[in-house]
Amino acid sequence: MSVTPEEVRQIARLAELSVDEEHLPDLAAQMSRIVDYIAQLSQVSGGENAKPFIPGPDAIRLRADVVAPQPLEGKLSDFAPAFREGFFLVPKLGAFEGAEEDEE
Amino acid sequence: MTEVEALASAKATATRLGKAKRLNALLTPTTVVRKSLLAQAKEAHPSGVLYGMPVALKDNICTLEFPTTCGSKLLEAYQSPYEATVVTKLKDAGALIAGKANLDEFAMGSSTEHSGFGRVLNPVDRTRVPGGSSGGSAALVGAGAVPAALGSETGGSVRQPAAFCGVVGIKPTYGRVSRYGLVAFGSSLDQIGVLGRSVHDAARVLSVISGRDPRDSTCENRDPLRLPTVPERLEGFVIGIPKEYFPVDLNPGVRRACDRAIRALKDLGAAVRDVSLPHTPYAIPTYYVIAPAEASSNLARFDGVRYGNRADGVTTLAELYRQTRGTGFGPEVQRRILVGTYVLSSGYYDAYYKKAQQMRALLAQDFRNVFDRGVDLIFTPTTPTTAFKAGERTKDPVSMYLADCFTAPANLTGVPAMSLPIGRVKGLPVGGQFIGQPFLEDDMIEAAYALERAIDGTEEA
C-alpha cells in the first residue's frame with residue numbers, strides 16, 4: 001500500500017478530522033487506490049512550460065474599500081451553534097492549550 | 105400566463121412532486137413546497153420571462169425559504185441568512201422555486217448515493233443511479249415533476265446525471281453565472297448549471313441566471329446570454345469528433361447512439377471533422393488532485409464554531425473541530441478531504457498538485473488547438489456507459505470517478521458544455537455532449553436545438 005494507516009492518522013490530524021481506529025486500514029487501502037491512480041500524472045512529461053490555466057476574468061475587480069453591513073436576512077445567533085453577546089462560543093481557551101500540548 | 109394559470113401551475117407542480125416522492129429526489133417536504141409554491145405564484149412578477157415556471161434547486165444553492173443542507177448531516181436544518189444571486193434572478197423573472205433537490209454530500213459524487221439523506225432513484229429504472237452529484241435535480245426533471253432545475257458542476261455533475269436520466273443539462277462557461285450563494289467545493293471548477301426537459305427549457309433558464317454580479321469577482325462582467333433562434337439547418341458549423349472520446353471499450357450502445365447523432369449532424373449540413381484532444385486520458389487523475397485539494401481548503405470552514413451542527417460532549421477546541429467534522433461528514437467527503445490534504449502536504453505538493461496544474465494547462469491547450477483550427481463545436485458521448493446499478497461502484501472510488509471521464513475536461517478548462525438525449529440502450533438514456541468555445545454557449549445551444557429536432561432522443565439506438 002502506498003498510504004499506510006499511520007499516514008492516514010497523521011493526515012486526518014492535519015485535516016482536523018477524527019477517524020475511528022478500526023477504519024484506518026480501510027481508509028488506507030482506499031487512499032492507496034486513489035493515490036496510485038493519480039500517480040500516473042508523474043509519468044507524463046511536458047507542461048512545465050505551458051501557460052498556466054487560470055479560470056475566470058483576466059483581472060479581478062476590486063471592491064470599494066469601505067465598511068458595509070453584511071447583507072444578511074437573519075442574525076448570527078440564528079444559525080450559530082452557541083452564541084452570546086456578539087461572540088461565538090467554543091470550549092475554554094485553557095482546554096484549547098491543553099489540546100495543543102496533547103498534539104506535541 | 106395569467107395569475108390563475110400561475111396558481112394552476114403551482115398546484116400541478118406540487119401534485120407532481122408528491123408523485124415523485126419515492127425517488128427521494130426532493131429534500132423539502134412536499135407539504136412545505138406546496139404552501140410555498142402557492143404563495144410564490146401570488147407574488148411572482150407577471151411580466152417576468154419565466155412567470156409561473158417551477159424550478160427546483162440543488163440543495164447547495166442558498167435560499168431564504170428553505171434550509172440549505174448540501175446533503176450533509178452537518179448542515180441538517182441549516183438556514184442560510186442570504187440567498188444566492190441565481191435565486192434572486194429566478195424570482196425576478198417570475199419563476200417559482202420548487203424546493204431543494206437531493207445531491208451527493210457537498211456535491212461530491214457521481215451517483216447521488218453519497219447523500220446524508222439517502223440515495224436518489226433513477227426515474228427511468230429505479231434499480232439504477234440517477235448520476236450525480238445533481239442527481240435529485242435530474243431525477244425531478246426526468247420524472248416530469250418540474251420542467252427545469254438548477255444543479256452545480258465541478259466535474260460533470262449536471263451533464264452526467266442529465267445523460268443518465270434522459271434530460272438536457274448545460275454547464276456554462278466558468279464565469280458566465282454568478283456563484284454567490286453556491287456552497288463552494290472546488291472554487292476554480294465550480295459552476296452553476298441547468299437541467300431541463302428540453303433544450304429550450306434549459307436554455308431560457310440559463311439566459312435568466314447568467315450575467316454579471318458585483319458579489320462574485322469570478323463572474324465575468326458580461327450581459328446575460330441571448331438565446332439563439334431555432335435553426336433549420338447547421339450549414340457553416342464545423343463540428344469536431346475527438347478520437348479520445350471514442351475508445352475501443354466504449355459501450356457499444358453508446359457508440360451506436362453517437363454514430364446516429366453524428367449522421368444527423370451531417371444531414372443537417374454541418375461539416376464533421378476528426379480531431380484530437382491528446383491529454384484527455386489524464387483529465388480524471390488531474391481532476392482528482394485539484395478538486396480534493398480545493399475541497400480540503402473550502403470545507404475547512406465547517407468546524408462547528410459558526411454554523412451547522414457541532415459535536416456534543418467535547419472539552420477542547422481541537423476535539424470540537426475533529427469530532428464535528430468526523431461525525432458530521434460522510435465517508436466520501438472525508439475521503440476527499442484526506443486526499444486533498446495529502447496532495448497538498450509537504451513532500452507531495454510537487455509530485456501531485458503542481459503536476460496536475462501543469463496537466464490542466466495542457467488540457468486547456470488541447471481545446472485551444474482544436475478551436476483555433478476552425479472547429480466551432482466538439483461532439484462526444486457524455487458518459488462512457490448508461491446509468492449503472494445502485495451499489496455497483498460504491499466499493500471502488502476510482503471506478504466511480506471514471507463515470508466523469510468525458511465531462512471533467514470541460515470543468516478543468518472552463519469551457520461550456522451540454523448534454524442532450526440522443527437515444528436509448530435497453531431502455532436506458534444515452535447523452536450526447538457538445539463542448540463549445542468560451543462564452544459561445546449560443547452556438548452550442550443552436551446546434552443542440554437542431555439535433556434535438558432531428559433525432560428521437562427516446563428511440564432505441
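Protein sequences, first through last, are from chains A and B.
Using this note's numbering, read the first sequence as starting at 1 and increasing by one per residue.
Using this note's numbering, read the second sequence as starting at 105 and increasing by one per residue.
From the three backbone atoms N, C-alpha and C, an ideal C-beta is built for every residue, glycine too.
Could you check which residue in the options has the C-alpha nearest to that of residue i?
i: residue 449 of chain B; options: B/492, B/480 and B/400; result: B/400
i: residue 200 of chain B; options: B/190, B/206 and B/207; result: B/190
i: residue 518 of chain B; options: A/56, A/11, A/89 and A/62; result: A/56
i: residue 554 of chain B; options: B/281, B/114, B/487 and B/332; result: B/332
i: residue 68 of chain A; options: B/319, B/167 and B/231; result: B/319
i: residue 233 of chain B; options: B/342, B/270, B/444 and B/202; result: B/270
i: residue 203 of chain B; options: B/487, B/139 and B/263; result: B/139
i: residue 466 of chain B; options: B/385, B/544, B/113 and B/314; result: B/385
i: residue 498 of chain B; options: B/214, B/175, B/152 and B/413; result: B/214
i: residue 2 of chain A; options: A/45, A/30 and A/66; result: A/30
i: residue 543 of chain B; options: B/481, B/526 and B/531; result: B/481
i: residue 442 of chain B; options: A/17, A/63 and A/62; result: A/17
i: residue 525 of chain B; options: B/228, B/156 and B/123; result: B/228
i: residue 77 of chain A; options: A/71, A/50 and A/86; result: A/86
Should residue i and residue j be called a contact, given that it needs their Cβ atoms to be closer than 8 Å?
i: residue 154 of chain B; j: residue 118 of chain B; result: no
i: residue 523 of chain B; j: residue 266 of chain B; result: yes
i: residue 569 of chain B; j: residue 268 of chain B; result: Since the first residue of chain B shown is 105 and the last is 565, residue 569 of chain B is not available in this structure.
i: residue 105 of chain B; j: residue 437 of chain B; result: no
i: residue 569 of chain B; j: residue 483 of chain B; result: Past the edges of chain B, shown from 105 to 565, lies residue 569 of chain B, and the structure says nothing about it.
i: residue 247 of chain B; j: residue 558 of chain B; result: no
i: residue 381 of chain B; j: residue 346 of chain B; result: yes
i: residue 182 of chain B; j: residue 171 of chain B; result: yes
i: residue 456 of chain B; j: residue 54 of chain A; result: no
i: residue 563 of chain B; j: residue 527 of chain B; result: yes
i: residue 81 of chain A; j: residue 461 of chain B; result: no
i: residue 364 of chain B; j: residue 116 of chain B; result: no
i: residue 276 of chain B; j: residue 545 of chain B; result: yes
i: residue 113 of chain B; j: residue 143 of chain B; result: no
Any C-beta of chain A sitting closer than 8 Å to the C-beta of residue i?
i: residue 466 of chain B; result: yes
i: residue 168 of chain B; result: yes
i: residue 310 of chain B; result: no
i: residue 439 of chain B; result: yes
i: residue 292 of chain B; result: yes
i: residue 329 of chain B; result: no
i: residue 155 of chain B; result: no
i: residue 549 of chain B; result: no
i: residue 185 of chain B; result: yes
i: residue 161 of chain B; result: no
i: residue 230 of chain B; result: no
i: residue 425 of chain B; result: yes
i: residue 430 of chain B; result: yes
i: residue 106 of chain B; result: no
Hey, does residue i have any beta-carbon neighbour from chain B nearer than 8 Å?
i: residue 29 of chain A; result: no
i: residue 33 of chain A; result: yes
i: residue 14 of chain A; result: yes
i: residue 25 of chain A; result: no
i: residue 96 of chain A; result: Annotation note: pLDDT 49 at residue 96 of chain A (below 50); position unreliable, coordinate value reported separately. By this cut-off, residue 96 of chain A is an interface position.
i: residue 52 of chain A; result: yes
i: residue 99 of chain A; result: With a pLDDT of only 49 at residue 99 of chain A, under 50, the local geometry of the prediction cannot be trusted, and no value is derived from it.
i: residue 48 of chain A; result: yes
i: residue 2 of chain A; result: no
i: residue 5 of chain A; result: no
i: residue 104 of chain A; result: Reliability of the predicted coordinates at residue 104 of chain A is poor, the pLDDT of 44 falling under 50, and the value obtained from them is presented with this limitation in mind. So no, residue 104 of chain A is outside the interface.
i: residue 88 of chain A; result: yes
Compute the beta-carbon to beta-carbon distance between residue i and residue j, rounded to the nearest angstrom, for a pair I have assumed lies under 8 Å.
i: residue 274 of chain B; j: residue 310 of chain B; result: 5 Å
i: residue 131 of chain B; j: residue 205 of chain B; result: 7 Å
i: residue 383 of chain B; j: residue 454 of chain B; result: Their Cβ separation, rounded to whole angstroms, is 19 Å, which puts residue 383 of chain B and residue 454 of chain B out of contact at 8 Å.
i: residue 284 of chain B; j: residue 317 of chain B; result: 6 Å
i: residue 419 of chain B; j: residue 91 of chain A; result: 6 Å
i: residue 252 of chain B; j: residue 298 of chain B; result: 6 Å
i: residue 535 of chain B; j: residue 486 of chain B; result: 3 Å
i: residue 239 of chain B; j: residue 395 of chain B; result: That belief does not hold up - the Cβ atoms of residue 239 of chain B and residue 395 of chain B are roughly 18 Å apart, past 8 Å.
i: residue 549 of chain B; j: residue 307 of chain B; result: 5 Å
i: residue 41 of chain A; j: residue 501 of chain B; result: In fact, because the Cβ distance is near 17 Å, the residues do not count as touching under 8 Å.
i: residue 156 of chain B; j: residue 110 of chain B; result: 4 Å
Original post:
the segment 390-423 of chain B: which residues have C-beta closer than 8 Å to a C-beta of chain A, in chain order?
Top reply: 390, 392, 393, 400, 404, 407, 408, 409, 410, 411, 412, 413, 414, 418, 419, 420, 421, 422 and 423
Subject >> Interfacial residues, the segment 503-518 of chain B to chain A, with Cβ spacing under 7 Å >> reply: Answer in chain order: 517 and 518.
Subject >> Residues, ordered as in the chain, of the segment 56-82 of chain A that lie near chain B by beta-carbon distance below 9 Å >> reply: 56, 57, 60, 61, 62, 63, 70, 71, 72, 73, 74, 75, 76, 78, 79, 80, 81 and 82
Original post:
Can you list, in chain order, the residues of the segment 444-469 of chain B whose Cβ is nearer than 7 Å to any Cβ on chain A?
Top reply: 445, 446, 449, 455, 456, 459, 460, 461, 462, 463, 464, 465, 466, 468 and 469
Subject >> Short-range partners of chain A found in the segment 272-289 of chain B, where Cβ spacing is below 7 Å >> reply: Cβ proximity to chain A below 7 Å picks out 278 and 279 from the segment 272-289 of chain B.
**OP:** Taking a Cβ distance cut-off of 8 Å, strictly less, list which residues of the segment 476-501 of chain B are near chain A, in chain order.
**Re:** 500 and 501
**OP:** Give the residues from the segment 310-326 of chain B that approach chain A closer than 9 Å (Cβ to any Cβ), ordered along the chain.
**Re:** So the list reads 318, 319, 321, 322, 323, 324 and 325, given in the order they occur along the chain.
**OP:** Please name the residues in the segment 330-346 of chain B whose beta-carbon is closer than 8 Å to at least one beta-carbon of chain A, in chain order.
**Re:** Taken residue by residue, none of the segment 330-346 of chain B has a beta-carbon sitting less than 8 Å from a beta-carbon on chain A.
Original post:
When you check each C-beta in the segment 533-561 of chain B against every C-beta of chain A, which residues fall closer than 8 Å?
Top reply: none
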